[in-house]
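Remember, our numbering sits 467 above the position in the sequence shown when you count from 1.
Every residue, glycine too, gets a C-beta built ideally from N, C-alpha and C.
All values reported here derive from a predicted model rather than from experimental measurement.
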Amino acid sequence: MQSTVFTISFVKLLCLTLHGMTAVLAELPSPSNIRITSINMGLVLEWDPPQNHTGNLTYRSEYKWKSIRNSYRVVCLDTTALCCDFTRHLNKFGVYTFQVRAEREGETSHWVETKEFVMDEHTTLGPPSVTLVSSGANIEVSIEDPVLRISEFKEIYNHATFNITYWKEGQEKKVKRMNGIQLHEVVLELEQWTRYCFQVWVVTERFFKQSQPSNITCESTAKGKDRPWVMALGMFVVMAVSVPLVVLAFWHCYRVVSFLRPKVKLPGHFTVYLLDPQCSSILALQSSPQPDEVYHEVLPTWTQG
């Protein structure tokens, strides 16, 4: 009797063990290399498929907001994609954990969970936008904050500065830096007829976050405008040179005119002679117009003998 009970118990234990082993062998492997990609307050959960496993798998992704709810909420269900975008479900100041599992025909893998993710602290800031405007030897650098996906930049990082680096094109090793710039527009006075390249970073006071660098943007300067004191000095030099030249030119003209029209007085007896009435009448006759000569044409007359 006892042997029979022992045999039945042994058979039951063996069946339970085999069932458990079968369940373990049939369990789906979990996704691997789970990771969070978050730029400018957007958040995408990514993962790789289970290792050494083939077949038509789907995935289920969920998130939990710490201090608000203790249960997970589903965002992506029955998806074959290896990612899930959680952005529109999140708060800019939220603290979250995420999890994902593989599924196939009623079978599921174990959940794979992330560490806590603090949105405003852990998100990566994208590059600022940079525009250059050249005016003479000056270049105006205009900077725009990164565009966040779920909030305005200044609502979260209201104290931010810019680090600016610039160099002459082709001279990347001679970089000049301007750190802690608070203005969105900066005007730099540079060398004339030179091409400069700029790159800018945003640095936040909160969490001391540094953004990704902006694209390298280049612009050329032209001829610069003269300063007021330079213009005044130039006018003074021109006046100092031109006035003596003008005076000298007038003096030279006066000497030439004086030479051509000398102021010499005639002797007295020439004056008396010229004022004599007889001489005056002779002079008048000489200066009077010549009378017209009148003549008549004579035609020859032929007579017959």
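*For LEU715, which beta-bridge partners are listed by DSSP?*
Sequence index remark: in the sequence shown, residue 715 carries index 248 (1-based). Its beta-bridge partners do not exist; DSSP assigns none.
*In the structure shown, what three-state DSSP assignment does ALA707 receive?*
Taking the sequence shown and counting its residues from 1, one reaches residue 707 at position 240. In this structure, ALA707 counts as helix in the three-state DSSP scheme.
_Just verifying my parser: in three-state terms, what is the DSSP assignment at MET586?_
Taking the sequence shown and counting its residues from 1, one reaches residue 586 at position 119. Note: MET586 maps to helix in three-state DSSP.
_So the candidates are ILE503, MET508, LEU495; which of them puts its Cα closest to the Cα of SER678?_
Position 211 of the sequence shown, counted from the start, is the residue given in the question as residue 678. Comparing Cα positions, the closest option is MET508.
*Would you identify the three-state DSSP class for ILE446, choosing helix, strand or coil?*
As shown, the chain starts at 468 and ends at 772. That puts residue 446 outside it, with no answer to give.
*From which residue to which residue does the beta strand (DSSP E) around GLY647 run?*
By one-based count along the sequence shown, residue 647 stands at place 180. Its beta strand (DSSP E) spans residues 643 to 648.
*Measure the alpha-carbon distance for VAL614 versus GLU622 and round it to whole angstroms.*
On the sequence shown, residue 614 is found 147 positions in, with the first residue counted as 1. On the sequence shown, residue 622 is found 155 positions in, with the first residue counted as 1. Rounded to whole angstroms, VAL614 to GLU622 spans 12 Å at the Cα level.
*Leaving out the 5 sequence neighbours to the left and right, which residues in its chain are closer than 8 Å to GLU570 when beta-carbon positions are compared?*
The residue given as residue 570 occupies position 103 in the sequence shown. For GLU570, where only same-chain residues beyond five positions count, the Cβ hits under 8 Å are LEU495, LEU524, THR525, TYR526, ARG527, ASP545, SER576.
*Taking all protein chains shown into account, decide if GLU619 is buried (16 or more other Cβ within 10 angstroms of its Cβ) or exposed.*
Here residue 619 refers to the residue found at position 152 of the sequence shown. With fewer than 16 Cβ atoms within 10 Å of its Cβ, GLU619 is classed as exposed.
*asked:* Quick check on the DSSP output: the beta strand (DSSP E) that includes GLN659 runs from which residue to which?
replied: Indexing the sequence shown from 1 puts residue 659 at position 192. It is not in any beta strand (DSSP E) - GLN659 carries neither H nor E in the DSSP assignment.
_Rounded separation between TYR563 and LYS582 - CA only_ = If you number the sequence shown from 1, residue 563 lands on position 96. If you number the sequence shown from 1, residue 582 lands on position 115. Whole-angstrom Cα-Cα distance: 8 Å.
*Have a look at PRO595, GLU656, CYS685, TRP532 and flag the residue whose alpha-carbon is nearest the alpha-carbon of VAL585.*
The count along the sequence shown starts at 1 and reaches residue 585 at position 118. The shortest Cα separation from VAL585 among PRO595, GLU656, CYS685, TRP532 belongs to TRP532.
*CB of ARG555 within 8 Å of CB of TYR624, strictly*: Here residue 555 corresponds to residue number 88 of the sequence shown, with the count starting at 1. Here residue 624 corresponds to residue number 157 of the sequence shown, with the count starting at 1. No, the Cβ-Cβ distance between ARG555 and TYR624 is not below 8 Å.
*Pull up the DSSP beta-bridge partners for ARG571, would you.*
On the sequence shown, residue 571 is found 104 positions in, with the first residue counted as 1. ARG571 is bridged to GLU574.
*What does a CB cutoff of less than 8 Å around VAL600 pick up in its chain, not counting 5 residues either side in sequence?*
Residue numbering aside, residue 600 sits at position 133 when the sequence shown is read from its first letter. Counting only Cβ-Cβ distances below 8 Å, and skipping sequence neighbours, we find ILE606, GLU607, SER609, GLU686.
*Alpha carbon to alpha carbon, how far is GLN659 from PRO711?*
In the sequence shown, residue 659 corresponds to position 192, counting from 1. In the sequence shown, residue 711 corresponds to position 244, counting from 1. Distance between the alpha carbons of GLN659 and PRO711: 35 Å.
_LEU557 versus THR661: straight-line alpha-carbon distance, rounded_ = As a first step, residue 557 is located in the sequence shown; it is residue number 90 there, counting from the start. As a first step, residue 661 is located in the sequence shown; it is residue number 194 there, counting from the start. So the two alpha carbons sit approximately 48 Å from each other.
*GLY647 vs THR671 beta-carbon contact at 8 Å*: For the purposes of this step, residue 647 is taken as residue 180 along the sequence shown, with counting starting at 1. For the purposes of this step, residue 671 is taken as residue 204 along the sequence shown, with counting starting at 1. Not a contact, by the Cβ cut-off of 8 Å.
*Three-state secondary structure (DSSP) at ARG722?*
Position 255 of the sequence shown, counted from the start, is the residue given in the question as residue 722. Reduced to three states, the DSSP call for ARG722 is helix.
*Where do the N-terminal and C-terminal ends of the beta strand (DSSP E) with ASP612 fall, by residue?*
Working through the sequence shown from its first residue, we reach residue 612 at position 145. Element bounds for ASP612: n/a, residue is neither H nor E.
*Under a three-way DSSP split, which group does THR628 fall into?*
Walking along the sequence shown from the start, residue 628 turns up at place 161. Correct three-state label for THR628: strand.
*Reducing DSSP to helix, strand and coil, say where ARG502 ends up.*
Along the sequence shown, read from residue 1 onward, the residue named residue 502 stands at position 35. In this structure, ARG502 counts as strand in the three-state DSSP scheme.
*Close beta carbons around ARG644, own chain, < 8 Å, minus the five adjacent residues each side*: In the sequence shown, the residue the question calls residue 644 occupies position 177. Within the same chain, ARG644 has close Cβ partners ASN630, ILE631, THR632.
*Where LEU492 sits in the DSSP three-state scheme*: Taking the first residue of the sequence shown as 1, we reach residue 492 at position 25. The predicted position of LEU492 is uncertain, since its pLDDT is 43 and thus under 50; a value taken from the coordinates is nonetheless stated next. Of the three classes helix, strand and coil, the one that applies to LEU492 here is helix, per DSSP.
*Can you tell me where the beta strand (DSSP E) with GLU529 in it begins and where it stops?*
Within the sequence shown, the letter at position 62 stands for residue 529. Where GLU529 is concerned, the enclosing beta strand (DSSP E) stretches over 525 to 532.
*If we call anything under 8 Å between Cβ atoms a contact, is PHE560 one with ILE503?*
As a first step, residue 560 must be located in the sequence shown, where it is residue number 93. As a first step, residue 503 must be located in the sequence shown, where it is residue number 36. Against a cut-off of 8 Å, the Cβ pair of ILE503 and PHE560 comes out as no contact.
_Here's a check: name, in chain order, each residue in its chain whose Cβ is nearer than 6 Å to the Cβ of SER681, leaving out the five neighbours to either side._
As a working mapping, residue 681 is identified with position 214 in the sequence shown. Same-chain partners within the cutoff: PRO594, PRO595, VAL597, GLN666, VAL667.
_Could you compute how far the alpha carbon of THR591 sits from the alpha carbon of PHE553?_
Reading the sequence shown from its first residue, position 124 is the one you call residue 591. Reading the sequence shown from its first residue, position 86 is the one you call residue 553. Cα to Cα, the separation comes out at about 16 Å.
*Can you find a heavy atom of the ligand NAP that lies under 7 Å from the Cβ of ARG722?*
In terms of ligand content, the structure shown is empty, and the ligand NAP therefore cannot be addressed.
*In whole angstroms, what is the alpha-carbon distance linking GLU652 and THR688?*
Along the sequence shown, one-based indexing puts residue 652 at 185. Along the sequence shown, one-based indexing puts residue 688 at 221. Roughly 17 Å separates the two Cα atoms.
*Grab the span of the beta strand (DSSP E) containing THR598 for me, first residue to last.*
Position 131 of the sequence shown, counted from the first residue, corresponds to residue 598. Residues 596 to 602.
*With C-beta atoms as the reference, is CYS551 less than 8 Å away from VAL511?*
Position 84 of the sequence shown, counted from the first residue, corresponds to residue 551. Position 44 of the sequence shown, counted from the first residue, corresponds to residue 511. Yes, Cβ-Cβ distance for CYS551 and VAL511 is below 8 Å.
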